[in-house]
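Enquirer:
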Amino acid sequence: MKKIICLFVVLTFSFLMVNSGVAQEVKISGELRPRYEMRHGFGTLIPDAEEAANFVSQRTRINAWFANSNYRFYLSLQDVRVWGDVPQLNKADVNGPSVHEAWAELLLSEAWSVKAGRQEIIYDDSRIFGNVGWAQQARSHDAAVIKFEPNTSHRLDVGLAYNALQESNFKTDYTISNYKTMQYAWYHGNFGKLGVSLLVLNNGYAYHTIQDSADVEKVAFSQTLGPRLSYKDGKFSANATFYYQTGKNSANRQLSAIYFAADAGYQIQQSLSIGLGIEYLSGSDTKDGATGEDDHSFTPLYGTNHKFNGWMDYFYVGNHGGSVGLVDVYLPINFKKDKWSLTLMPHYFNTAATLSTYYGETWKDQDSYLGTEIDFSAAYAFSPEVTIEAGYSHLFASESMQVLKNSGNYKNTQHWAWLMLTVKPVFFSSK
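Take the sequence shown: its position 148, counting from 1, is numbered 190 in the working numbering, and each next residue is one higher.
#1: Closer than 7 Å by C-beta to A158: which residues in its own chain qualify, once you throw out the five before and the five after it? Chain order, please.
#2: Taking Cβ positions, are T414 and T464 nearer each other than 7 Å?
#3: Straight-line CA distance for P139 to I70?
#4: Can you round the beta-carbon distance between Y249 and N294 to whole angstroms, since I take them to be within the 8 Å contact cut?
#5: Using CA atoms only, rank isn't needed, just tell me which of Q225, R169 and Y344 is closest to S239.
#6: Between the C-alpha atoms of R81 and E431, what's the straight-line distance to the nearest angstrom?
#7: For the alpha helix (DSSP H) containing Q120, list its first residue and its last residue.
#8: What do you reckon, are the CB atoms on G268 and Y247 nearer than 7 Å?
#9: Along the chain, where does the beta strand (DSSP E) containing K189 start, and where does it finish?
#10: To the nearest angstrom, how far is it from the Cα of V136 to the Cα of W125?
#11: Mind checking who W353 pairs with in its DSSP beta bridge?
#12: Note the first and the last residue of the continuous alpha helix (DSSP H) segment covering Q179.
#13: Helix, strand or coil: which one does DSSP assign to L323?
#14: Can you tell me which residues form a DSSP beta bridge with D482?
#15: If I measure Cβ to Cβ from V445 and keep anything under 8 Å in the same chain, skipping five residues before and after, which residues do I get?
#16: If you draw a straight line from the C-alpha of V369 to the C-alpha of F340, how long is it?
#17: Buried or exposed: Y401, going by 16 or more other Cβ atoms within 10 Å of its Cβ?
#18: So N245 packs on F263, CB below 8 Å; how close in whole Å?
#19: Among all the DSSP beta bridges, which residues are the ones paired with M443?
#20: With a Cβ-Cβ cutoff of 7 Å, do S440 and W458 count as a contact?
#21: Could you give the distance in angstroms between the alpha-carbon of V313 and the alpha-carbon of F377?
#22: Below 6 Å CB to CB, which residues in the same chain sit around Y226 once its five sequence neighbours on both sides are set aside?
#23: How long is the line joining the alpha carbons of E321 and L412, rounded to whole angstroms?
#24: Tell me where the beta strand (DSSP E) around H389 begins and ends.
#25: Can you look up N33 in the DSSP assignment and give me helix, strand or coil?
#26: Taking 7 Å as the cut-off, decide whether the C-beta atoms of V98 and Y116 are in contact.
#27: Taking the beta strand (DSSP E) that V468 falls in, what are its first and last residues?
#28: Below 8 Å on the Cβ atoms is my guess for Y358 versus N351; work out the distance and round it to an integer in Å.
#29: Less than 7 Å between the C-beta atoms of Y372 and G319, yes or no?
#30: Tell whether a beta-carbon distance below 7 Å holds between E209 and S182.
#31: By a C-beta neighbour count over all protein chains shown, 10 Å radius and 16 as the cutoff for buried, is E478 buried or exposed?
#32: Which residue's Cα is closest to the Cα of Y221: F470, S326, S118 and D184?
#33: Residues in the same chain with beta-carbon distance under 7 Å from N392, minus the five sequence neighbours each way, listed in chain order, please.
#34: Given Q265, which residues of its chain have a CB within under 6 Å of its CB, disregarding the five upstream and five downstream residues?
#35: How long is the line joining the alpha carbons of R270 and S219, rounded to whole angstroms?
#36: What residue from T283, A306 and S419 has the CA that sits closest to I300's CA?
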């Protein structure tokens, strides 16, 4: 930690020593975010003999931002821990500090720029690309992004990434659970009250196969492409998204999957809004998955999946991949007044494909209804830099959910509660 503090002191004074005749921005900020959680059926159904988990996790960040007319630079170092994961007389942390972001963006002209380094990639509603900000460690990519923004109404990004396990003189297999290579193009345009986004993503995952009696690494490529439309007129807003996935999945099986989402919202009064939405993520019938048929399961890849399909993370948060898909009907209700923000959001879950169990030599189809989840959160902003939030979620699971998860007891109480403090101080700022 001393090295990190010294690094930021050096960075700060280096920024201040830059030629004062050049217009520049310097900002040194931080974040402290401890969060208490009680988990009793979070992510999967709790078994009869298990008790609730209770813990406090914490994210600590120090951020440095610098910008002038030629380039921008950003560095974000973080420490992620659980209270008590090291002794009081501690020499080294379990995880230790890490680099969350470290990038530079060259401003080639008023319209063109190139951003390279470790960075968050966030587009649209964060369904395909998001920073997973809820997770204390969050998500970032090692990538280069070419940006073209001729005006405030149109923007085109082209991103490239190629991952390796280490520096080497010979080919080394990539064994980290991550893409081997990725390329994408994302466009967004505003046309009056209508916003249009288009995404084309080529994703390459490493897999192993036997070739000439030897185990060799290959790369399976999948493509995700489609539009997202957004509309806002006064108190009414609506969104619609469609994505198609094709190519090969990470196991080199043929992939053909779809995603569809639509939602609408209306602001009843200045402090109260209500909405209605549906998401459809295609899936594979259980028996087809068992027999190695084509993969019809849509994967939201690098999105902020905690934001979707219930906050108890039963779907697509490190789970539910290659499964029976999901149909989620939800009803968000939001209240904001002064420093308070309240959200109530029920979800109604069904499978998109046929969920089956195997008895003897026959398949038995299960009911498609998985359960209903009710999410509630409340937030109070003490100041622009200090916020306290709390939430409670309850899942009313069905027997089909137990079959899907293959663990726990759906009759048990499945609930989750949390309390989080976020402090984001600005230590220094200059323009």
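Just so it is clear, CB atoms sit at the ideal spot from N, CA and C, and this is done for glycine as well.
Expert: The structure says:
#1: W145, A146 and A186
#2: no
#3: 18 Å
#4: 5 Å
#5: R169
#6: 17 Å
#7: Careful: Q120 lies outside any alpha helix (DSSP H), inside the beta strand (DSSP E) at Y113 to V124.
#8: no
#9: H183 to N193
#10: 11 Å
#11: Paired residue(s): none; W353 is not in a bridge.
#12: That residue, Q179, is in no alpha helix (DSSP H); it is neither H nor E in DSSP.
#13: strand
#14: The chain is shown from 43 up to 473; residue 482 falls before or after that span and cannot be answered.
#15: L397, T399 and Q408
#16: 12 Å
#17: exposed
#18: 7 Å
#19: In the DSSP output, where bridge partners are listed per residue, M443 has none listed.
#20: no
#21: Here residue 313 turns out to be Ser, not Val, going by the sequence shown. Whole-angstrom Cα-Cα distance: 5 Å.
#22: G201 and L243
#23: 15 Å
#24: W382 to N392
#25: No statement about residue 33 is possible, as the shown extent of the chain runs from 43 to 473 and does not include it.
#26: no
#27: V468 to S472
#28: 7 Å
#29: yes
#30: no
#31: With the chain running from 43 to 473 in the structure shown, residue 478 is simply not present.
#32: D184
#33: V369, S410, Y411 and L412
#34: N244, T288 and G289
#35: 28 Å
#36: T283
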